[in-house]
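Structure first, then comments.
Structure (structure tokens):
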């Protein structure tokens, strides 16, 4: 029994590699499927939101700091990337340089947000991050001299790698570019989790007072978590801008994006890298694949009328909210939880041994 349990635990620890390998195989599977069942082209946004979920997981899952403003960091990444690459600005940097600088801009914004909020936890921190997200959205609308207001910044040039341009007309190279970047983010996050810094962040989540008594500086650890998480979220924003060929309007980075990222982390499993990957596929896949295919089918059958409730895509946030309620009630640790979070939530579930009081 002990050996089987160890093998199962080892398999669960490698689940993220299995998920990434399945994603790499998906375009090959599409070659033998009828066109109406092919989904590889619809998976690309899932990779970007998985990176966004990874950033939130560092702050909320590893460190235990509830952040409701990740959409603001995604917007910072998208607009930084747009300003650095669009030909209406004097910079016109390449894709990779702009991506790195957008992540650096996000890390700087994370430090700016983290410094005045280091002593806050729980509801108070959530309210502050929520306010930060709303302030960022309004700032992008009103700084139209720089951000072009509600029009957004466009067009953005296509990414290039060794002289090859990733144009929208060829989705397969785009697919593997985003998958490769997601794999790099997973490797970095995995190394962070198992490093001394990662264990410091987890100790803050488990008991900040005990960690402080062990000589850990909670303020530095939280600030680092904010910076790393914001850098990942800004990278996702930069990739989103490159994928769309536009920064998008400020309204695209509203509170609903932050809630979607939180759903990805909670449904998948807080503090779990594998859980975030699975959560991104479940939540975003439900939206961009299942509801999209269902809408196409109902449209072909003439079953979608003028009412907004007749279109399945208009039900997505109601279904996301229902999924959160169900998960919190029946499986609060998520679909693929980390061992520490699962043990913390179920430490009182074990039946008392014979002779225990």
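Numbering (the working numbering), first residue to last: 876 to 1232.
Think of the CB as a built atom: it goes at the ideal place given N, C-alpha and C, for glycine as much as any other residue.
What you are looking at is a predicted structure, and each value in this text was computed from that prediction instead of being measured.
For residue 916 versus residue 1046, is the C-beta spacing smaller than 7 Å? The residue given as residue 916 occupies position 41 in the chain shown. The residue given as residue 1046 occupies position 171 in the chain shown. Yes, the Cβ-Cβ distance between residue 916 and residue 1046 is below 7 Å.
Suppose contacts are defined by Cβ-Cβ distances below 7 Å. Is residue 1048 in contact with residue 1037 by that definition? As a first step, residue 1048 must be located in the chain shown, where it is residue number 173. As a first step, residue 1037 must be located in the chain shown, where it is residue number 162. Taking 7 Å as the cut-off, the Cβ atoms of residue 1048 and residue 1037 do not count as close.
Element boundaries [alpha helix (DSSP H), containing residue 1179]: Here residue 1179 refers to the residue found at position 304 when the chain shown is read from its first residue. Where residue 1179 is concerned, there is no enclosing alpha helix (DSSP H), given that its DSSP letter is neither H nor E.
Reduced DSSP category for residue 1039 - H, G, I as helix; E, B as strand; rest coil: In the chain shown, residue 1039 corresponds to position 164, counting from 1. Residue 1039 falls in the strand class under three-state DSSP.
Coarse secondary structure for residue 961, derived from DSSP in three states: Along the chain shown, read from residue 1 onward, the residue named residue 961 stands at position 86. Looking at residue 961 - three-state DSSP - the assignment turns out to be coil, as it is neither helix nor strand.
Does the region 1201 to 1221 come close enough to the region 1142 to 1150 that 3 or more CB-CB pairs lie under 8 Å? Touching, yes, given that three or more Cβ pairs across the two stretches are closer than 8 Å.
Report the option in 970, 994 and 981 whose CA atom is closest to the CA atom of residue 941. Against the chain shown, residue 941 aligns to sequence position 66. Per the Cα distances, 994.
Buried versus exposed, by CB contacts within 10 Å (16 or more), residue 1089: Counting from 1 along the chain shown, the entry for residue 1089 is found at position 214. It counts as exposed.
Out of curiosity, what's the CA-to-CA distance linking residue 1015 and residue 1125? Here residue 1015 refers to the residue found at position 140 of the chain shown. Here residue 1125 refers to the residue found at position 250 of the chain shown. So the alpha carbons of these two residues sit roughly 6 Å apart.
How long is the line joining the alpha carbons of residue 1199 and residue 1160, rounded to whole angstroms? Counting from 1 along the chain shown, the entry for residue 1199 is found at position 324. Counting from 1 along the chain shown, the entry for residue 1160 is found at position 285. Residue 1199 and residue 1160: Cα-Cα distance of roughly 16 Å.
Proximity below 7 Å, CB of residue 1098 to CB of residue 989: As a position in the chain shown, residue 1098 is number 223, starting the count at 1. As a position in the chain shown, residue 989 is number 114, starting the count at 1. Going by C-beta atoms, residue 1098 is nearer than 7 Å to residue 989.
Counting Cβ pairs, one atom from each stretch, are 3 or more of them under 8 Å apart for the region 1126 to 1138 and the region 943 to 953? yes
C-alpha distance - residue 1175 paired with residue 910, whole-angstrom precision: Translated into the one-based positions of the chain shown, residue 1175 becomes position 300. Translated into the one-based positions of the chain shown, residue 910 becomes position 35. Cα to Cα, residue 1175 sits roughly 15 Å from residue 910.
What ranges does the alpha helix (DSSP H) occupy inside the region 1197 to 1222, keeping only unbroken runs of at least 4 residues that lie completely in it? Within the region 1197 to 1222, the complete alpha helix (DSSP H) runs of at least 4 residues are 1214 to 1220.
Residue 1075 and residue 1091 closer than 7 Å at C-beta: As a working note, residue 1075 is residue 200 in the chain shown. As a working note, residue 1091 is residue 216 in the chain shown. Yes. Within cutoff.
Span of the alpha helix (DSSP H) holding residue 1066? Numbered from 1 along the chain shown, position 191 holds the residue referred to as residue 1066. Segment 1046 to 1069, the alpha helix (DSSP H) holding residue 1066.
Expressed to the nearest angstrom, what Euclidean distance is found between the alpha-carbon atoms of residue 1043 and residue 1079? Numbered from 1 along the chain shown, position 168 holds the residue referred to as residue 1043. Numbered from 1 along the chain shown, position 204 holds the residue referred to as residue 1079. Approximately 43 Å, taken between the alpha carbons.
Specify the secondary structure class of residue 1032 as computed by DSSP and reduced to three states. Here residue 1032 corresponds to residue number 157 of the chain shown, with the count starting at 1. In the structure shown, residue 1032 sits in coil (DSSP, three-state: anything other than H, G, I, E or B).
So the candidates are 900, 997 and 979; which of them puts its Cα closest to the Cα of residue 939? What you label residue 939 is simply residue 64 of the chain shown in a count that begins at 1. When each option's Cα is compared against that of residue 939, the closest is 997.
Do residue 1112 and residue 930 have their C-beta atoms closer together than 7 Å? For this step, residue 1112 is matched to residue 237 along the chain shown. For this step, residue 930 is matched to residue 55 along the chain shown. No; because the gap between Cβ atoms is not below 7 Å, this pair is not in contact.
According to DSSP, is residue 1133 part of a helix, a strand, or is it coil? Position 258 of the chain shown, counting from 1, holds the residue named residue 1133. Helix, per DSSP.
Look at the alpha carbon of residue 1065 and the alpha carbon of residue 1157, and state the distance between them as a whole number of angstroms. As a first step, residue 1065 is located in the chain shown; it is residue number 190 there, counting from the start. As a first step, residue 1157 is located in the chain shown; it is residue number 282 there, counting from the start. C-alpha separation (whole angstroms): 21 Å.
Is DSSP giving residue 942 helix, strand or coil here? By 1-based counting over the chain shown, the position of residue 942 is 67. Three-state result, residue 942: coil.
What three-state label does DSSP hand residue 1082 in the structure shown? For the purposes of this step, residue 1082 is taken as residue 207 along the chain shown, with counting starting at 1. If DSSP states are grouped into helix, strand and coil, residue 1082 belongs with coil.
Once DSSP output is grouped into helix, strand and coil, what is the label at residue 1185? In the chain shown, residue 1185 corresponds to position 310, counting from 1. Of the three classes helix, strand and coil, the one that applies to residue 1185 here is helix, per DSSP.
Report yes if the CB atom of residue 1102 is closer than 7 Å to the CB atom of residue 986, and no otherwise. Walking along the chain shown from the start, residue 1102 turns up at place 227. Walking along the chain shown from the start, residue 986 turns up at place 111. Contact: yes.
Pull up the distance between the alpha-carbon of residue 914 and that of residue 1054, whole angstroms please. Within the chain shown, numbered from 1, the residue matching residue 914 stands at position 39. Within the chain shown, numbered from 1, the residue matching residue 1054 stands at position 179. Each residue's Cα considered, the two are about 15 Å apart.
Within the continuous alpha helix (DSSP H) that includes residue 920, where are the two ends? For this step, residue 920 is matched to residue 45 along the chain shown. Residue 920 -> alpha helix (DSSP H) spans 915 to 931.
Cα-Cα separation between residue 1028 and residue 963, rounded to whole angstroms: For the purposes of this step, residue 1028 is taken as residue 153 along the chain shown, with counting starting at 1. For the purposes of this step, residue 963 is taken as residue 88 along the chain shown, with counting starting at 1. In a straight line, the C-alpha of residue 1028 is about 9 Å away from that of residue 963.
In angstroms with no decimal places, state the Cα-to-Cα distance between residue 899 and residue 1169. In the chain shown, counting from the first residue as 1, residue 899 sits at position 24. In the chain shown, counting from the first residue as 1, residue 1169 sits at position 294. It is roughly 25 Å from the alpha-carbon of residue 899 to the alpha-carbon of residue 1169.
Cβ atoms of residue 1179 and residue 1185: under 7 Å apart, would you say? The residue you call residue 1185 lines up with position 310 of the chain shown. The residue you call residue 1179 lines up with position 304 of the chain shown. Closer than 7 Å, so yes.
Runs of alpha helix (DSSP H) lying entirely within the region 954 to 1028, each at least 4 residues, in chain order: 970 to 989, 997 to 1017 and 1019 to 1022
For residue 1152 and residue 893, the rounded distance between their alpha carbons: Residue numbering aside, residue 893 sits at position 18 when the chain shown is read from its first letter. Residue numbering aside, residue 1152 sits at position 277 when the chain shown is read from its first letter. If you take the alpha carbons of residue 893 and residue 1152, they lie about 11 Å apart.
Can you tell which of 1114, 1206, 982 and 1209 has the C-alpha that lies nearest to the C-alpha of residue 1050? Residue 1050 sits at position 175 when you count from the first residue of the chain shown. Nearest option by C-alpha distance: 1114.
Short of 6 Å in beta carbon distance, which residues of its chain neighbour residue 923, apart from the five on each side in sequence? Order them along the chain. Start at 1 with the first residue of the chain shown, and residue 923 comes out as number 48. The answer, listed in chain order, is 1111, 1114 and 1115.
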